[in-house]
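What follows is a set of notes on a single structure, which appears directly below.
In my numbering, the protein residues as written are 170 to 394.
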């Protein structure tokens with residue numbers, strides 16, 4: 170168990186160090202997220218009432234696209250330098266090792282969006298209850314996006330130009346997350362209950378945490394065989 174925990178922490182630390190060494194790649198999805206949200210009012214209307222209505226969809230679509238933008242390199246560097254093959258040959262649980270990589274990916278892509286969301290909610294004039302609900306949906310939903318996306322990345326890691334295929338594979342799986350998250354934030358802004366949507370998102374996250382590591386490990390073995 171200690172060896173497995175050490176391997177988990179080693180992969181997590183290694184991926185975080187590599188991410189911060191390539192700050193440009195680290196910043197691109199976050200800048201993409203910011204640009205979409207900040208330019209949207211300029212392209213639609215600065216009317217506060219309209220901004221409040223469209224804010225949940227704007228922020229969540231931006232978060233989804235930024236997450237998609239950041240996924241392609243999740244296993245790419247490991248595939249190129251042979252580290253991925255070493256992970257497959259390791260006697261330790263591959264499912265647990267890939268969770269370390271997904272966690273590192275979320276820490277450098279999902280967490281910054283979570284931290285920026287209150288400022289963007291303020292920019293779009295969202296009510297405080299809706300802003301807090303937005304934070305909650307992002308806290309639940311962005312790890313879910315990383316877990317689902319990692320399955321698609323694992324299936325396409327051996328392809329030289331798998332970006333379009335990756336999008337086609339995982340975008341339909343992102344749609345339920347988008348629908349329930351935006352619906353929860355919109356309901357909060359209208360003063361309606363949001364527990365049902367949040368419970369559904371939490372159930373999806375629990376299901377993904379249970380099944381996604383096994384699916385990612387199996388997809389990597391298929392891609393590397």
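Where is the CB? At the ideal position from N, CA and C, for every residue including glycine.
Every value quoted in this text rests on a predicted model; they were computed, and no experiment measured them.
- Relative to the Cα of residue 291, the nearest Cα in the group 209, 224, 233 and 379 belongs to 224.
- The residue from 358, 266, 364 and 324 with its alpha-carbon nearest to that of residue 182 is 266.
- Put simply, of 312, 244, 343 and 262 the residue whose alpha carbon is nearest the alpha carbon of residue 324 is 244.
- Taken through DSSP and simplified to helix, strand or coil, residue 261 comes out as coil.
- Distance from the Cα of residue 282 is smallest, within the candidate group 260, 201 and 360, for 201.
- Using a Cβ distance threshold of 7 Å, residue 310 and residue 370 count as a contacting pair.
- Taken atom to atom, the span from the alpha-carbon of residue 252 to that of residue 319 is near 17 Å.
- A direct Cα-Cα distance of roughly 41 Å separates residue 297 from residue 326.
- Look at residue 277 here: in three-state DSSP terms it is helix.
- For the pair residue 207 and residue 306, the Cα-to-Cα distance works out to about 20 Å.
- When rounded, the separation of the alpha-carbon atoms in residue 197 and residue 273 is 16 Å.
- It is roughly 34 Å from the alpha-carbon of residue 270 to the alpha-carbon of residue 295.
- When the Cα atoms are used, residue 233 and residue 175 turn out to be separated by approximately 32 Å.
- Across the set 263, 209 and 203, the C-alpha of 263 shows the shortest separation from the C-alpha of residue 390.
- Within the segment 197–249, the runs of alpha helix (DSSP H) that reach at least 4 residues and sit entirely inside it are, in chain order, 217–240.
- Between residue 220 and residue 210 the beta-carbon gap is near 6 Å, inside 8 Å, which marks them as a contact.
- A distance below 7 Å separates the beta carbons of residue 241 and residue 332.
- Separation of the CB atoms of residue 293 and residue 227 is rounded to 7 Å, and the pair is thereby assigned contact status at 8 Å.
- One thing to note: residue 373 has its Cβ no nearer than 7 Å to the Cβ of residue 316.
- Distances from the CA of residue 248 to each of 288, 378, 299 and 328 were compared; the closest alpha carbon is that of 328.
- In the DSSP assignment, residue 386 falls within the alpha helix (DSSP H) that extends over 364–393.
- The closest CA to that of residue 185, considering only 276, 250, 258 and 205, is found on 276.
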